[in-house]
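The structure appears right after this line, and notes come after that.
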Amino acid sequence: QVQLVESGGGQVQPGGSLRLSCAASGTIFSSDVMAWYRQAPGNQRELVASITSGGTTYYVDSVKGRFTIARDMAQNMLPLQMSSLKPEDSAVYYCALNRAGILYWGKGTLVVVSS
């Protein structure tokens, strides 16, 4: 059983920064890929960033250079540092764990970028 709990969402002005965090509990394997997804109203859920236990990262083009994903294997934490935020970054952000193609989800945290 895997549980994922996100925190750190809120409202921020364009150009601002926000740090999301995900606490993972249960059985976590080093082969699991951890990721952040987001879903804006009317849009499909999209992969924002992912990271393997070896530190290999992926970022969707729209956030490259602005977002940084990290992974604390010892404490099973997954922070996402978001900078230079834009209104189009507004969405519910979900923490996810990908285990051989099976996705486990958190409940999400809302990020609103607005002046």
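Counting in my numbering, the sequence shown runs from 20 upward without gaps.
Note that the Cβ used here is the ideal one computed from N, Cα and C, for glycine as well.
For residue i, list the residues DSSP reports as bridge partners.
{"i": "V111", "result": "Q58, L129"}
{"i": "M53", "result": "I70, L116"}
{"i": "G29", "result": "V130"}
{"i": "T75", "result": "According to DSSP, T75 bridges with nothing at all."}
{"i": "L23", "result": "A43"}
Is it true that the CB of residue j sits closer than 8 angstroms to the CB of residue i?
{"i": "V24", "j": "G127", "result": "no"}
{"i": "A110", "j": "Q58", "result": "yes"}
{"i": "L97", "j": "C41", "result": "yes"}
In the DSSP assignment, the beta strand (DSSP E) including residue i goes from what residue to what residue?
{"i": "L122", "result": "121-124"}
{"i": "L37", "result": "37-45"}
{"i": "F48", "result": "Taken as a continuous stretch (DSSP letters only), F48 belongs to no beta strand (DSSP E), as it is neither H nor E."}
{"i": "Q94", "result": "Element bounds for Q94: n/a, residue is neither H nor E."}
{"i": "L104", "result": "Element bounds for L104: n/a, residue is neither H nor E."}
Buried or exposed, going by whether 16 or more other CB atoms sit within 10 Å of the CB of residue i?
{"i": "R90", "result": "buried"}
{"i": "I70", "result": "buried"}
{"i": "I121", "result": "exposed"}
{"i": "R38", "result": "exposed"}
{"i": "F86", "result": "buried"}
{"i": "A119", "result": "exposed"}
{"i": "M101", "result": "buried"}
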